[in-house]
Each structure stands twice: as C-alpha cells, then as structure tokens.
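Numbering (our numbering), first residue to last: 184 to 314.
Printed below as a string of structure tokens:
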C-alpha cells in the first residue's frame, strides 16, 4: 500500500526519464491512464472502470497472480506478461501437486486459473509469453 496515500496518476518519485517516456507514450498511442498505485478492490472502487477498461501488466513481479485474480474476480479483460516466478516467496503455488518453480510451470499455473485464459507470444526476445 502506498504510505503517502497519494492517488495521483504519476508518482512524485518519477524520474525525468520516466516522465519523458510517459509523455511520449501518451502522445504516441493516445488516451490511456498510467497509475502508480496498488491494483486492488479499492482501486476498482475509486477509478472509472467500465466496459472499455483493459488491464495490461508487463513484468509485474510479485503482483502477477493478484492482477490476474482481481481481473478474473471482476470480469475484466487482461493481458499479463509474467517474468519472475518468486518460488521462495510463494511456496504454496502448486501445479499437478508439484511446486511451481520454473517460468514455464508458472505460466501454466496462471493459465489454469480460468478456462478462458490463453497463452500467446509477443514478437520479441526474452520473457514474451502473454496470458
């Protein structure tokens, strides 16, 4: 949780480089919101979530599974590109009664959370699987 209770779209701690990137992104793809906040039920209550809302989480680290769970719980469309597994932080994650320790098993673990989850690949090198 943000200790400052700062609900501004852009963080006060955003670097000049990050601000420039955000401005360039805003100008290049048009209307979207950048949020540096916890994505949870409170966020959904205090922001304009509607039929045009689509959640994108790129390399969300420890937030990967909660983002998917919240989207599934609120019937929000999403695209998530997971990165690190954090198997030591989440030892209770199991796939076929085995601990989720590899990237491939993590992606599969996330996929089986819902029958409609699908896996695709972004046209780039590195962690490019998107759910």
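Every residue gets a Cβ at the ideal spot worked out from N, C-alpha and C, and that includes glycine.
Since the structure is predicted, the reported quantities are computational estimates derived from the model, not experimental observations.
Reference residue 293; option with closest CA among 257, 250, 258: 250
Among 264, 274, 282, 258, nearest to residue 308 - alpha-carbon criterion: 264
For residue 257 and residue 287, the rounded distance between their alpha carbons: 26 Å
Environment of residue 283 [buried if 16+ CB atoms lie within 10 Å]: buried
Residue 240 versus residue 247: straight-line alpha-carbon distance, rounded: 8 Å
C-beta atoms of residue 259 and residue 229 nearer than 7 Å: no
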